[in-house]
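Student: One point on numbering: in numbering that gives the first Met the number 0, the residue at position 420 of the sequence shown is 419, and numbering is uninterrupted.
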Amino acid sequence: MAFRRALRRTALLGGGAVATVFGLSQLLEYRKKQVRTARLAHVAAEGELNIPFAHELPSRAAQLSALRSTEEFDVLIVGGGATGAGCALDAVTRNLKTALVERSDYSSGTSSRSTKLIHGGVRYLQKAIMKLDYEQYMMVKEALHERANLLEIAPHLSAPLPIMLPVYKWWQLPYYWAGIKMYDLVAGIQCLKSSYVLSKSKALELFPMLKKDKLVGAIVYYDGQHNDARMNLSIALMAARYGAAMANYTEVVSLLKRKDSEGVEQVCGARCRDLLTGEEFDVRAKCVINATGPFTDSLRKMDNQETPNICQPSAGVHIVIPGYYSPDNMGLLDPSTSDGRVIFFLPWEKMTIAGTTDTPTSVTAHPMPGEEDINFILNEIRNYLSPDVEVRRGDVLAAWSGIRPLVTDPNSKDTQSICRNHVVSVSPSGMVTIAGGKWTTYRSMAEETLDAAVKEHQLSAEPCRTVGLMLEGGRGWTPTLYIRLVQDYGLEVEVAQHLASTYGSRAFDVAKMAQVTGQRWPIVGKRLVSEFPYIESEVRYAIREYACTVTDVIARRTRLGFLNVQAADEALPRIAQIMAKELNWSDERTRTELEAAKQFLYQEMGYRARDEQLSRTSEINLDYQEVNRYKKRFHKFDKESKGFITTVDVQQVLQSINVHIDENSLHEILNEVDLNKNGQVEFDEFLQLMSAVKKGQVSDSRLAILLKTAEETLDQRGPVTVDRSGGGV
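1) Out of Ile-320, Leu-150, Val-196 and Leu-184, point me to the one whose CA is closest to Trp-730's CA.
2) According to DSSP, which residues form a beta bridge with Trp-735?
3) Just to check my reading of the structure: Leu-298 and Thr-291 have Cβ atoms closer than 8 Å, yes? What is that Cβ distance to the nearest angstrom?
4) Excluding the 5 residues preceding and the 5 following Leu-236 in the sequence, name in chain order all residues of the same chain whose CB lies nearer than 7 Å to its CB.
5) Which residue wins for smallest C-alpha separation from Ala-445, given the options Ile-50, Leu-63, Leu-48 and Gly-78?
6) Per DSSP, Met-245 is paired with what?
7) Mark Val-100 as exposed unless 16 or more other C-beta atoms lie within 10 angstroms of its C-beta, in which case mark it buried.
8) Comparing alpha-carbon positions, which option in Gln-518, Pro-165, Asp-661 and Arg-555 lies nearest Tyr-533?
9) Report yes or no: do the stretch 108-120 and the stretch 132-143 share at least 3 C-beta pairs separated by less than 8 Å?
10) Just to check my reading of the structure: Leu-593 and Ala-575 have Cβ atoms closer than 8 Å, yes? What is that Cβ distance to the nearest angstrom?
11) Could you tell me how far apart the beta carbons of Val-282 and Cys-271 are, in whole angstroms, since I believe they sit closer than 8 Å?
12) How about the stretch 85-96 and the stretch 439-456: do they share at least three Cβ pairs that are nearer than 8 Å?
13) Could you check if Cys-190 belongs to the surroundings of the ligand NAP, using beta carbon to heavy atom distance under 7 Å?
14) I'd like the list of long-range same chain contacts for Phe-599, defined as Cβ closer than 6 Å, with 5 residues on each side in sequence excluded.
15) Whole angstroms is fine: what's the gap from Arg-539's alpha carbon to Arg-483's?
16) What's the call for Gly-733, buried or exposed, on a 16-neighbour Cβ count within 10 Å?
17) Locate the beta strand (DSSP E) running through Phe-206, then write down its first and last residues.
18) Taking the alpha carbon of Pro-159 as the point to measure from, which residue in Ile-288, Trp-347 and Ser-529 has its own alpha carbon closest?
19) Which of helix, strand or coil does DSSP assign to Gly-605?
20) Quick test of your reading: Thr-351 and Val-319, contact by CB under 8 Å. State the CB separation rounded to the nearest angstrom.
21) Pick helix, strand or coil for Asn-289, following the three-state DSSP scheme.
22) Suppose the cutoff is 6 Å on Cβ atoms and the five residues either side in sequence are ignored; what does the same chain contact list for Asp-372 look like?
23) According to DSSP, is Ala-158 helix, strand or coil?
24) With three or more C-beta pairs closer than 8 Å as the rule, is the stretch 120-134 touching the stretch 233-247?
25) Should Thr-432 and Ile-402 be called a contact, given that it needs their Cβ atoms to be closer than 8 Å?
26) When the distance is taken between beta carbons, is Val-528 closer than 8 Å to Ala-397?
27) For Asp-714, I'd like the list of residues in its chain whose CB is within less than 6 Å of its CB, leaving aside the five on either flank, ordered along the chain.
28) Which class does Glu-587 belong to by DSSP, given the choice of helix, strand or coil?
29) Note down the Cα distance separating Lys-349 from Glu-493, rounded to an integer number of angstroms.
30) Would you say the stretch 147-162 touches the stretch 218-230, given that touching needs at least three Cβ pairs under 8 Å?
31) Answer yes or no: do Val-263 and Leu-75 have a C-beta to C-beta separation smaller than 8 Å?
32) Can you give me the Cβ contacts of Lys-258 inside the same chain, cut-off strictly under 6 Å, excluding the 5 residues immediately before and after it?
33) In whole angstroms, what is the alpha-carbon distance linking Tyr-175 and Glu-461?
34) Short check: CB of Thr-737 to CB of Val-509, under 8 Å?
35) Who are the near neighbours of Gly-108 in its chain, counting only those whose CB is closer than 6 Å to its CB and skipping five residues on each side?
36) Give the C-beta separation of Ile-704 and Val-680 to the nearest angstrom, bearing in mind that I take them to be a contact with Cβ-Cβ under 8 Å.
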């Protein structure tokens, strides 16, 4: 009872009372100990750990050969997300013979579909206080330690990010301030930067698109942000460099079992299948670790059909909108949406990411963003942005859904109340399962999992060495590294900055593979699409990083598919062409890869939802004058009054005003509006487009802008008179 009363005082008095409850001196001493541990581990890793593949990674074929030929591994990890890759890195650096298989690509599931934050969890700290939940408090405390570690070991992929919490009621200002200050205090000496209060005018200066009405002020606190898929890949690549045998696109068909001395069946490996060739083989191991995220229960039931489920999947949808919706270096937190959920509004990769929703879902390998969730996020954004900023449905450039593997409580009624604590369990057959958790705590989850595996199976292992252990590209990276790329290779500044922040010190390997452009500047580095800094040599380098499909490149080696589905769609043919040459694909395999990548964009990255803004309804919301105006515009191209226009019609008009667009590009422009895909745009389709543009459901339509510009140019010229033509004949 004394503890509960003290914790309640903390909630009322704010961060200063945390010393009463948890002991400030103990908290600071714990943090100092953790920092000392990190530094010692970093030194130990540099001095003692051997890196067999420091210069060149083994190929996927070599990895598969190692999986097939090794008599027995110490551990076999199933799952190549953040947790699985973290387990592999932890195991191999403990000198355990380590194997990992992943059914799809590394980070293809939840780990690439996060909010991109490395955070302790402000809302979990609030719940810890309000519900007097010490367990959640300890989870936040652990996550803040892991946040500091992750920012240290991958400085090129992560950075602190200020996040603004706008305040619209005076009483909320001290309430939120106390909570945020406690967040700082729990972080202790690992606090990134101290939070602070802003006046209304200063808040609007830093976040000019914020709604002014009734704004009292704002509070700014700091968390970390990262490139999640690249971070996951960096963990996996480091495990491979230290000697772990790892293969993506390798699924577990069944678990291998043998009876121990007491006649009890024990898991001793897995029957695996290479999904690219269909070949099956056995991988034997003393311990099998289940790190399959949302699919945790599937593997547990492969071990024992009667085992109860321990995961309750929850879907979180995010959207990407243009970068002008947010400042370059300031996020926004909506702590209480219309239905009580939390939404972040963050700058990411020069775009703006908004989300997330939190709704129960079923487990699937291909989650799709729903229109309802997309519109929910847009409506919440409208509540916080100035009326001057028109939030349009058509500005959604990409959308995705990720499935969180929340640890279920049989008595809980909704997923929002479920704690994200992880659970490590060992089945009667000896399989170790790690379930739940979140991105930020992947390393500590892996450490706890390996501790359990070592204890259960009496493995001979060194202590954990992953605290402070630098990830792929982190060693040797500096904030000014991109300048050397510009000076040494003649790359564009934007491209060099992108390479440095994506590959770290490995960016030079990518630059060396870049081809000469033949231009005065840039000297090397041809872009895949003009508005993004991704270059063609990244596709070739992606193959070294175990990319096996076109989707791997657009989704996880680069993030183009997550940033702009249309731009990614335009880049697909060139990416497929490069990969086909490097991997000796047949024409049929190339076409299959292209179709699969298009389906990925259409189903999982929101392209379908974008298309449905035109095709979902035939209602045309235009008045009589607007219909007449658009009819006039349409007939400037449909000169023969056919009722439709083709690429030939548009090309002829463009040539008359000295505008030249190649036929393939023109076909793509019309295809965006050609709903029935018959190769022509009917008048009704054109009116549907203009109605969707008017309602904000579609923005930046190339055809709409092209026809409007051509019409204005033709009208300015006016008719050519007989006098001007010299009187005629």
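Ideal Cβ placement from N, Cα and C applies to all residues, glycine included.
Model, not experiment: these values are computed from the prediction.
Tutor: In short, the structure shows the following:
1) There is simply no residue 730 to check, as the chain begins at 0 and stops at 728 in what is shown.
2) A question about residue 735 goes unanswered here, because the residues of the chain that appear run from 0 up to 728.
3) To locate residue 298, count along the sequence shown from 1; it is residue 299. To locate residue 291, count along the sequence shown from 1; it is residue 292. The beta-carbon distance between Leu-298 and Thr-291, rounded to whole angstroms, is 5 Å. This is short enough to meet the 8 Å contact definition.
4) Indexing the sequence shown from 1 puts residue 236 at position 237. If we look at Leu-236 and ignore the five residues flanking it on each side, its Cβ neighbours are Leu-56, Glu-471 and Glu-544.
5) Taking the sequence shown and counting its residues from 1, the one referred to as residue 445 is at position 446. Of the listed residues, the one whose Cα sits closest to Ala-445 is Gly-78.
6) Position 246 of the sequence shown, counted from the start, is the residue given in the question as residue 245. In the DSSP output, where bridge partners are listed per residue, Met-245 has Leu-99.
7) Sequence index remark: in the sequence shown, residue 100 carries index 101 (1-based). Label assigned to Val-100: buried.
8) As a working note, residue 533 is residue 534 in the sequence shown. Considering only alpha carbons, the answer is Arg-555.
9) Contact between the stretch 108-120 and the stretch 132-143 is present, because at least three Cβ pairs lie under 8 Å.
10) Within the sequence shown, residue 593 is the residue found at index 594, counting from 1. Within the sequence shown, residue 575 is the residue found at index 576, counting from 1. So it is a contact: roughly 5 Å between Cβ atoms.
11) Numbered from 1 along the sequence shown, position 283 holds the residue referred to as residue 282. Numbered from 1 along the sequence shown, position 272 holds the residue referred to as residue 271. Right, their Cβ atoms sit about 6 Å apart.
12) yes
13) No copy of the ligand NAP appears in this structure; indeed no ligand is present at all.
14) Stepping through the sequence shown from its first residue, residue 599 is reached at position 600. The residues are Thr-550.
15) The sequence position of residue 539 within the sequence shown is 540, counting from 1. The sequence position of residue 483 within the sequence shown is 484, counting from 1. Straight-line Cα distance between these residues: approximately 22 Å.
16) Beyond the ends of the chain as shown, which are 0 and 728, falls residue 733; an answer cannot be given.
17) One-based indexing of the sequence shown puts residue 206 at position 207. From DSSP, Phe-206 is part of no beta strand (DSSP E); its letter is neither H nor E.
18) Against the sequence shown, residue 159 aligns to sequence position 160. Of the listed residues, the one whose Cα sits closest to Pro-159 is Trp-347.
19) Counted from its first residue, the sequence shown places residue 605 at position 606. Secondary structure at Gly-605: coil, using DSSP grouped into helix, strand and coil.
20) Within the sequence shown, the letter at position 352 stands for residue 351. Within the sequence shown, the letter at position 320 stands for residue 319. Going by Cβ atoms, the distance from Thr-351 to Val-319 rounds to 7 Å, so yes, they are a contact pair.
21) Within the sequence shown, the letter at position 290 stands for residue 289. Of the three classes helix, strand and coil, the one that applies to Asn-289 here is strand, per DSSP.
22) Along the sequence shown, read from residue 1 onward, the residue named residue 372 stands at position 373. Hits under 6 Å: Val-316 and Thr-356.
23) Start at 1 with the first residue of the sequence shown, and residue 158 comes out as number 159. Looking at Ala-158 - three-state DSSP - the assignment turns out to be strand.
24) no
25) In the sequence shown, the residue the question calls residue 432 occupies position 433. In the sequence shown, the residue the question calls residue 402 occupies position 403. Going by C-beta atoms, Thr-432 is not nearer than 8 Å to Ile-402.
26) By 1-based counting over the sequence shown, the position of residue 397 is 398. By 1-based counting over the sequence shown, the position of residue 528 is 529. Their beta carbons are not under 8 Å apart, which means Ala-397 does not touch Val-528 by this criterion.
27) One-based indexing of the sequence shown puts residue 714 at position 715. Closer than 6 Å at Cβ, skipping near neighbours: no residue.
28) The sequence position of residue 587 within the sequence shown is 588, counting from 1. Three-state result, Glu-587: helix.
29) For the purposes of this step, residue 349 is taken as residue 350 along the sequence shown, with counting starting at 1. For the purposes of this step, residue 493 is taken as residue 494 along the sequence shown, with counting starting at 1. Rounded to the nearest angstrom, the two C-alpha atoms are 11 Å apart.
30) These segments touch.
31) Walking along the sequence shown from the start, residue 263 turns up at place 264. Walking along the sequence shown from the start, residue 75 turns up at place 76. The Cβ atoms of Val-263 and Leu-75 lie no closer than 8 Å to each other.
32) Your numbering for residue 258 matches position 259 in the sequence shown. Same-chain partners within the cutoff: Glu-264.
33) Translated into the one-based positions of the sequence shown, residue 175 becomes position 176. Translated into the one-based positions of the sequence shown, residue 461 becomes position 462. C-alpha separation (whole angstroms): 44 Å.
34) The displayed coordinates of the chain run from 0 to 728. Any statement about residue 737 would go beyond what the structure contains.
35) As a first step, residue 108 must be located in the sequence shown, where it is residue number 109. Hits under 6 Å: Gly-80 and Gly-292.
36) Sequence index remark: in the sequence shown, residue 704 carries index 705 (1-based). Sequence index remark: in the sequence shown, residue 680 carries index 681 (1-based). Actually they do not touch by this definition, with Cβ atoms about 14 Å apart.
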